[in-house]
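As structure tokens, the structure follows; a few thoughts come after it.
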Amino acid sequence: MLEPAAPTAPPVELVAPPEPIPNDENGAASAADESSGTDADGTGLIAAAGPTGLRLLQPSGEVVGELGSGYVVTQPTWSRDGRRLVATLVNPTIGTSEVAVVDITTGNIVTAATARPYFFYTWSHDGSRMVALGPGQNGGTAAVILDETGTPASDVSLLSPSLYVAWEPAGQRLLVHAGHRLMLVNDVDSPQDNHDLGTVGVDFLAPAWVPGTQEFLYVDSYGQAPVDATEQELLDRRDSNARQLLRRNADTDEITDLGPTGPYTTMAVHPTGDRAAVSAAHRLPATTDNGEAQNPSSQPVATTETPIPEGSVQIVDLATAERRTVLDRIALWLEWSPDGQHLLIAADTDDPDGTGLSWHIWDGQQSYELARFSPTATFLRDYLQFADQYDETPRLWSPAGDAITFGANTADGDITAVARLDRAGDVTSLGASNVSFWSPVGVALPQEARRAGA
72 MLEPAAPTAP PVELVAPPEP IPNDENGAAS AADESSGTDA DGTGLIAAAG PTGLRLLQPS
132 GEVVGELGSG YVVTQPTWSR DGRRLVATLV NPTIGTSEVA VVDITTGNIV TAATARPYFF
192 YTWSHDGSRM VALGPGQNGG TAAVILDETG TPASDVSLLS PSLYVAWEPA GQRLLVHAGH
252 RLMLVNDVDS PQDNHDLGTV GVDFLAPAWV PGTQEFLYVD SYGQAPVDAT EQELLDRRDS
312 NARQLLRRNA DTDEITDLGP TGPYTTMAVH PTGDRAAVSA AHRLPATTDN GEAQNPSSQP
372 VATTETPIPE GSVQIVDLAT AERRTVLDRI ALWLEWSPDG QHLLIAADTD DPDGTGLSWH
432 IWDGQQSYEL ARFSPTATFL RDYLQFADQY DETPRLWSPA GDAITFGANT ADGDITAVAR
492 LDRAGDVTSL GASNVSFWSP VGVALPQEAR RAGA
């Protein structure tokens with residue numbers, strides 16, 4: 072369904088870094104050796120948001136920039152080249168929202184008022200467009216195409232009870248899972264130009280492109296039902312067909328069956344495009360007469376009342392469909408390191424009190440536990456529950472693939488946590504925040520845009 076783009080709300084003041092950024096007459100940062108935004112050692116920057124404002128951190132914890140002090144800053148999302156960062160700024164006093172885009176190469180900030188408090192962003196691979204998801208004007212979820220400044224690039228938006236999206240790696244097409252249907256948007260500036268790929272069901276949420284191809288993965292609950300299938304036919308197909316992992320060519324519609332999968336499926340495609348990590352729940356936990364889970368490993372974490380289903384994480388060969396189980400637990404998060412050498416997995420623990428989760432690393436040969444943690448309420452509620460969608464824009468790995476960052480709840484409150492692969496079991500705090508995400512490549516603010524902090 073299409074609806075008119077939301078009207079622009081009156082602008083609100085942005086609380087930017089207190090020290091102005093010296094620019095030359097062309098508007099560019101004046102120090103040529105610093106203005107590229109490239110971090111020579113490749114460590115990158117960490118964006119740490121909440122409880123108010125956002126801090127840009129060196130991995131050492133040094134604060135090099137701040138955004139929106141006094142505002143509620145949500146959904147910090149790096150562009151894929153690490154040169155820009157978008158976030159939603161909400162004025163806690165009057166409730167108005169803005170989209171803020173920070174240019175890391177110059178330190179400059181642009182804002183665009185929005186009537187929708189966007190709760191998800193994903194950048195196109197060339198950085199020219201973003202998809203922003205937010206509440207629809209009359210309910211449901213709306214997908215709005217924004218340009219690189221955060222301003223709507225189209226006069227229409229897509230509206231559905233639920234929306235999950237994925238950008239084509241080498242192009243401008245957009246896969247959209249809208250409610251029960253899957254469609255391919257051919258021109259993101261004209262979302263009405265789309266190809267209906269049929270009804271696939273709501274059991275799988277976010278489709279995933281296969282890098283280096285025109286193909287994508289998704290899960291079908293309805294046995295490849297025709298586009299015009301009736302509701303009863305869909306119900307009959309769902310009852311008689313197992314959920315299947317499918318690989319589909321966006322140009323030819325050719326479909327390859329990669330075998331059965333379970334409900335609550337999530338996956339992450341390897342950077343080379345030759346394999347995918349897939350987590351699927353086989354069944355819900357066994358329960359007693361009063362509804363309590365019998366298996367301690369399936370107890371809920373402290374901040375949720377829903378037992379974690381039983382399942383496993385498998386590596387699926389996308390050419391042969393062969394599978395290898397790498398962890399006998401369902402994953403709440405899957406993310407490949409930038410070099411593809413390691414797979415990050417969040418899973419429940421064996422703790423009888425069920426108070427936390429654990430990060431596991433699969434190194435290509437074996438899986439091991441990196442660190443145990445309790446997620447912040449924001450990280451659990453807004454990210455872990457939608458991990459299959461957030462894998463669309465890698466978030467937690469350092470650019471060098473030697474550490475991760477995440478929001479953790481500790482005795483000292485919610486923090487930006489860092490866990491290094493060479494220090495399994497240890498977690499370092501970089502200060503208070505609700506969520507934190509690493510730039511996908513090594514970047515740094517220009518020297519003159521930095522400010523001391525912490």
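If you read the sequence shown in my numbering, its first letter stands for residue 72, the second for the next number, and so on.
Here a beta-carbon is modelled for each residue, glycine too, at the ideal position from N, C-alpha and C.
- At the C-beta level, Val135 and Leu125 stay beyond 7 angstroms of one another.
- Contact between Asp459 and Ala249 does not hold, since their C-beta atoms are separated by about 15 angstroms, which reaches or exceeds 8 angstroms.
- Where Ser507 is concerned, the enclosing beta strand (DSSP E) starts and stops at 506–509.
- Apart from sequence neighbours up to five positions away, the residues of its chain that approach Arg308 with a beta-carbon distance below 7 angstroms are Tyr293, Gly294, Ala296, ordered along the chain.
- The beta carbon of Leu229 is closer than 6 angstroms to those of Ala214, Pro262 in its chain, skipping five residues each way along the sequence.
- Contact between Pro511 and Arg151 holds, since their C-beta atoms are separated by about 6 angstroms, short of 8 angstroms.
- For Ser228, the enclosing beta strand (DSSP E) stretches over residues 227–231.
- Secondary structure note for Gln303: its alpha helix (DSSP H) is the uninterrupted segment 302–311.
- Along the length of the segment 159–206, whole beta strand (DSSP E) runs at least 3 residues long occupy 168–174, 180–185, 191–194, 200–206, reported in chain order.
- Taken through DSSP and simplified to helix, strand or coil, Leu389 comes out as coil.
- Asp419 counts as buried, since at least 16 other C-beta atoms from the protein chains shown sit within 10 angstroms of its C-beta.
- Looking at the DSSP output, Ile401 shares a beta bridge with no other residue.
- Between the segment 496–515 and the segment 442–457, the count of C-beta pairs closer than 8 angstroms reaches three or more; the two stretches touch.
- Just so you know, the alpha carbons of Leu467 and Ile475 end up roughly 5 angstroms apart.
- Looking at the backbone, the Cα of Glu137 and that of Thr145 are separated by about 14 angstroms.
- Spatial neighbours of Gly269 in its own chain (CB-CB distance under 6 angstroms, excluding positions within 5 residues in sequence) are listed in chain order as Val298.
- In the displayed model, Asp453 falls within a helix according to three-state DSSP.
- For Gln315, the enclosing beta strand (DSSP E) stretches over residues 315–320.
- For Ala237, the uninterrupted beta strand (DSSP E) segment begins and ends at 234–238.
- The beta carbon of Ile326 sits closer than 6 angstroms to the beta carbons of Leu317, Arg319 from its chain, once the five residues preceding and following it are set aside; these are given in chain order.
- His431 counts as buried, since no fewer than 16 other beta carbons sit within 10 angstroms of its beta carbon.
- Shown here, Arg494 sits in a helix according to DSSP, grouped into three states.
- Here Val170 is near Gly221, since their CB atoms are less than 7 angstroms apart.
- As computed with DSSP, Thr327 is found in a beta bridge with Arg318.
- The beta carbon of Ala313 lies closer than 7 angstroms to those of Pro331 in the same chain, with the five residues before and after it left out.
- Here Asp218 carries a strand assignment [DSSP, helix/strand/coil].
- As DSSP reads the structure, Pro223 sits in a beta bridge with Leu217.
- When secondary structure is reduced to three states using DSSP, Asp260 falls in the coil class, being assigned neither helix nor strand.
- The C-alpha of Arg346 is placed about 12 angstroms away from the C-alpha of Gly283.
- Trp407 places its beta carbon less than 7 angstroms from that of Leu414.
- Only exposed fits Asn209, as fewer than 16 other CB atoms lie within 10 angstroms of its CB.
- With a cutoff of 7 angstroms on beta-carbon distance, Phe477 and Ala488 are scored as near each other.
- For the 7 angstroms CB-CB criterion, Ala118 and Pro147 form a contact.
- Straight across, the Cα-Cα distance linking Leu253 with Ser233 is about 11 angstroms.
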